[in-house]
């Protein structure tokens, strides 16, 4: 296996050298996202001090090539802004939090930091230093739609039982029993799969609103495919994320009276349906290996996890219990008898809320860094969306990031999406692209000339106009 990885690295190096020489570094992170999603560690990995997979080999190769490109003057370092400093602070604090908690018998906190914080931050850094052109954003949108169609088709095949057409085969391996029978995709997690498909849904919605006439039909079909894929995850938080993506984009461009009518009608219908369908919704059978009562139990488990998390936070509110150390530190809190609730049932489970998980593990300090960065991404996406003087691709990048944030938030309220493979790779990379787009405005440039970078600033919102041409 090690020799095969060595051969793969050599072959990848040969194919990526022309990319660097041509100044097309943008293709490297796109390849990492695609390979990491479809052919990640579950497909091929070499276990060791650091688990190696195809996407991780590509990542370290990208870092090396980026250094070469920087030394040859093909990429330049941007002026750091407050978002960059928050990323640096998050990486440093999470690392200190991981190593300060000691060793873990079940998993390595340092490895968790490397794969779920440091590598995504590396994707953010690459997005900040490489020149980004308008056509790069267009290729990003097209690639997102293509990946979303594949994931959607795979999810539909999973729930339909047509496993012979599913690739890679590990997706439908019954020995990997968790979430089996749902559209878990190559990430083996329906919530993570739903987030990536929702990003594709956002890209398809952007395309639908950008093109004129009959071309809208193509993007309408893509939207329907991705919506079907999100449904096939059979995950409530994924459904919420997809609905939020489409609803926010549609409401933004609707007349004021239509927005008021849609919101009020949605609240009324949602309340009525929740009253009548609550039991069916809570007891919905999703996994093949779980009964409907087990599905209801998974919902009832969340208050128990919230209580355990709150008690843990109260004991160490400033620095937390250590990033990646939750499972070894939650025992005494699960045995707390002061609550008339079965808290021991929550012992084998990770936190089911990403923000509470960060708060418990890294304390108020870590939560301030990560939450501050996340809030700045929200504000950055809104600035891009509402900038009527910017190029269409700039505003489209804002919409794509905003759609990613909506999907991440809706799923993160019910899952610890931080530890789902590839989710942070997408969030950090798209966040870095958005910050770069805001700083450079994506002015067209020659092949050998990087876009002019401007100081990062918080603009006042101009009057709202359509963020989509045509």
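Residue numbers (UniProt numbering): 1 to 470.
All C-beta atoms, glycine included, are put in the ideal place defined by N, C-alpha and C.
Distance from the CA of residue 254 to the CA of residue 210, rounded to the nearest whole angstrom, comes to 15 Å. For the set 199, 86 and 186, the Cα lying nearest the Cα of residue 366 is the one of 86. Straight through space, the alpha carbons of residue 402 and residue 136 are spaced by roughly 18 Å. In the structure shown, residue 182 falls within a strand segment according to DSSP collapsed to helix, strand and coil.
Nearest in C-alpha terms to residue 147, of all of 30, 305 and 58, is 30. In the structure shown, the three-state DSSP call for residue 46 is strand. Restricting attention to 311, 312, 375 and 304, the CA atom closest to the CA of residue 341 is found in 304. Remark: fewer than three beta-carbon pairs, one from each stretch, lie closer than 8 Å, so the stretch 396-410 and the stretch 45-57 are not flagged as touching. Between residue 433 and residue 424 a beta carbon distance of about 15 Å is seen, past the 8 Å cut, so the two are scored as non-contacting. Between the stretch 219-233 and the stretch 182-191, the count of Cβ pairs shorter than 8 Å is three or higher; the stretches touch. In this structure, residue 166 and residue 157 form a Cβ contact; the two beta carbons are roughly 5 Å apart against a cut-off of 8 Å. If you check the CB distance, residue 129 and residue 62 do not come in under 8 Å. Under the three-state reduction of DSSP output, residue 52 falls in the strand class.
Going by C-alpha positions, residue 121 is about 17 Å away from residue 37. Three or more Cβ pairs closer than 8 Å define a contact, and the stretch 317-324 meets that threshold against the stretch 362-382. Under the 10 Å beta carbon count, residue 339 is surrounded by fewer than 16 other beta carbons and is classified as exposed. Annotated as distal: residue 197 and residue 235, with beta-carbon spacing of 8 Å or more. The C-alpha of residue 331 is placed about 44 Å away from the C-alpha of residue 397.
For the 8 Å CB-CB criterion, residue 378 and residue 187 do not form a contact.
Straight across, the Cα-Cα distance linking residue 387 with residue 80 is about 22 Å. For residue 349, the secondary structure class from DSSP, reduced to helix, strand or coil, is coil. Rounded to whole angstroms, residue 206 and residue 399 show a C-alpha spacing of 7 Å. Distance from the Cα of residue 329 is smallest, within the candidate group 345, 318, 440 and 309, for 309. The residues 83, 398, 401, 431, 434, 435 and 438, in chain order, have a CB closer than 8 Å to that of residue 380 in the same chain once the five nearest residues on each side in sequence are set aside.
With distances taken between CA atoms, residue 317 lies nearest to 362 out of 362, 177, 307 and 344.
The residue from 376, 349 and 142 with its alpha-carbon nearest to that of residue 203 is 142. DSSP, read as helix, strand or coil, puts residue 326 in helix. Residue 389 carries a coil assignment under DSSP once its states are collapsed to helix, strand and coil.
With respect to the 8 Å criterion, residue 155 and residue 193 are classified as neighbours on the basis of their beta carbons.
Going by DSSP, residue 193 is part of the alpha helix (DSSP H) stretching over 190-210. At a Cβ-Cβ threshold of 8 Å, residue 159 and residue 411 do not count as neighbours. With distances taken between CA atoms, residue 299 lies nearest to 413 out of 314, 218 and 413.
Straight through space, the alpha carbons of residue 126 and residue 60 are spaced by roughly 12 Å. Looking at the backbone, the Cα of residue 39 and that of residue 168 are separated by about 8 Å.
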